[in-house]
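A.B. asks: First to last, the sequence lines map onto chains A and B. Each residue of the first sequence is one higher than the one before, counting from -1 in the numbering used here. Each residue of the second sequence is one higher than the one before, counting from -1 in the numbering used here. I have a structure here, written as structure tokens, and I will follow up with some questions on it.
2 protein chains.
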Amino acid sequence: MTPQRQSVFRALHASTVHPTAEAVYDTVRAEMPTISLRTVYQTLNDLAAMGEINALDLGTGSARFDPNNGPHHHLVCVSCGRVQDLAADFPGVTVPVGNDFGFEVTDTEIVFRGRCRDCAAVNDDDRDASASRTTNPHEEAGRA
Amino acid sequence: MTPQRQSVFRALHASTVHPTAEAVYDTVRAEMPTISLRTVYQTLNDLAAMGEINALDLGTGSARFDPNNGPHHHLVCVSCGRVQDLAADFPGVTVPVGNDFGFEVTDTEIVFRGRCRDCAAVNDDDRDASASRTTNPHEEAGRA
DNA sequence: CAGCTAATTGACAATGATTGTGAACTAGCA
DNA sequence: TGCTAGTTCACAATCATTGTCAATTAGCTG
């Protein structure tokens, strides 16, 4: 546990927004200006490998890191990329028997996509013309 | 609808494995050797924007394209990246009332992660030493 | 304390997926 | 025939992430 690692760990836990590696980097640099982005990535990967944090790829362009260890799901804003934890349990969600195509399922991940409060408010304003040119470039067509 | 676009469309529908852009490129090149990867990307994006296909980012490193338009979910192999459609409906899966953090949810996506039949078989062979160095480099720690 | 070893750091370049740019081509039409 | 708009594609650029490897550091041994 080097100071760098501690700082990364703290930055992650101080945040509630599932920061990207870049965001963690910015935070950590405030108190440790010499740290490199490489070290942040390395530390995040190490922490994830140790099971201390989760690495999430939610289709927002870059990975996001989640200090929440318990089972939970996510609300993702398709407009700004914001990610919100959802501490709910969905007991009925399992692969129907006989439909598993031989998969050994080890993990179930539910992603609710939509617009967060802020982006929904913005979109109410200019709902006609520029509806697809919002803050964030990720406007993937359909996600089933 | 240019010949290129038709060919991309056909390649996608002829496949059941949710090909990556690169895979579509390889298929199309067989019958149209001069097509460029750029055109394939462009066409896939256009088709996705038109709602003809879905673009999926399932954390396997590259986007995968899915000609299946109906509502369905996915089985993803964490080892080889294979993606299998799952035509099941989960009626109970909605954000609990009062827990939506102001999100306007428009889409719900369930991903079951695990090992496909083939990768499970391989892993039965060398289950001790090289368990984390499999075909595919994506061994993200935990996905909640 | 000197010396050794192993782990960590960080500068730099490389990778892989994807997109921007802009010139060449093509189809349809006046 | 000449114009125009949409497509294609070669090339370079971008973005997130990782490889490499020398320099630094911590911790241990004697």
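From the three backbone atoms N, C-alpha and C, an ideal C-beta is built for every residue, glycine too.
By the criterion of Cβ-Cβ separation under 7 Å, what are the contact partners of A86/A in chain B?
C.D. replies: Here the neighbours are P94 and N97.
A.B. asks: If you follow the beta strand (DSSP E) that E146/B is part of, which residue opens it and which one closes it?
C.D. replies: Because residue 146/B is not part of the residues shown, which for chain B are -1 to 142, the question remains open.
A.B. asks: Taking Cβ-Cβ distances below 7 Å as the criterion, which residues of the region 104 to 122 of chain A are in contact with chain B?
C.D. replies: T104, D105, T106, E107, I108, V109, F110, R111, G112, R113, C114, R115 and A118
A.B. asks: Hey, R111/A and E107/B: beta-carbon distance below 8 Å or not?
C.D. replies: yes
A.B. asks: So within the region 9 to 74 of chain B, which uninterrupted alpha helix (DSSP H) runs reach at least 4 residues, ignoring any that extend past its ends?
C.D. replies: Here the runs fully enclosed are 19 to 29 and 35 to 47.
A.B. asks: Could one say the Cβ of T133/B lies closer than 8 Å to chain A's Cβ atoms, at least one of them?
C.D. replies: Note on T133/B: pLDDT 34, under 50, position unreliable in the model; the coordinate value appears next. Output row for T133/B: interface = no.
A.B. asks: So, under 8 Å CB-CB, A19/B and L42/B are touching, yes? Tell me the CB distance rounded to an integer number of Å.
C.D. replies: 6 Å
A.B. asks: Could you list which residues in chain B have their beta carbon closer than 8 Å to that of Q82/A, in chain order?
C.D. replies: F99 and F101
A.B. asks: Hey, A9/B and T25/B: beta-carbon distance below 8 Å or not?
C.D. replies: At the C-beta level, A9/B and T25/B come within 8 Å of one another.
A.B. asks: If the cut is a Cβ gap below 8 Å, which residues of chain B does L73/A touch?
C.D. replies: V93, D98, F99, F101 and V103
A.B. asks: Quick check on D87/B: does DSSP put it in helix, strand or coil?
C.D. replies: Coil at D87/B, not helix or strand.
A.B. asks: For V81/A, which beta-bridge partners are listed by DSSP?
C.D. replies: Bridge partners of V81/A: V74/A.
A.B. asks: Three Cβ pairs or more, each shorter than 8 Å: is that satisfied between the region 70 to 85 of chain A and the region 67 to 75 of chain B?
C.D. replies: no
A.B. asks: I'd like the list of long-range same chain contacts for M35/A, defined as Cβ closer than 8 Å, with 5 residues on each side in sequence excluded.
C.D. replies: The residue asked about is misnamed: residue 35/A is Leu in this sequence, not Met. If we look at L35/A and ignore the five residues flanking it on each side, its Cβ neighbours are A19, E20 and Y23.
A.B. asks: Considering only the beta carbon of each residue, do Q2/A and T37/A sit closer than 8 Å?
C.D. replies: yes
A.B. asks: What did DSSP end up calling V120/A once you bin it into helix, strand or coil?
C.D. replies: Note: V120/A maps to helix in three-state DSSP.
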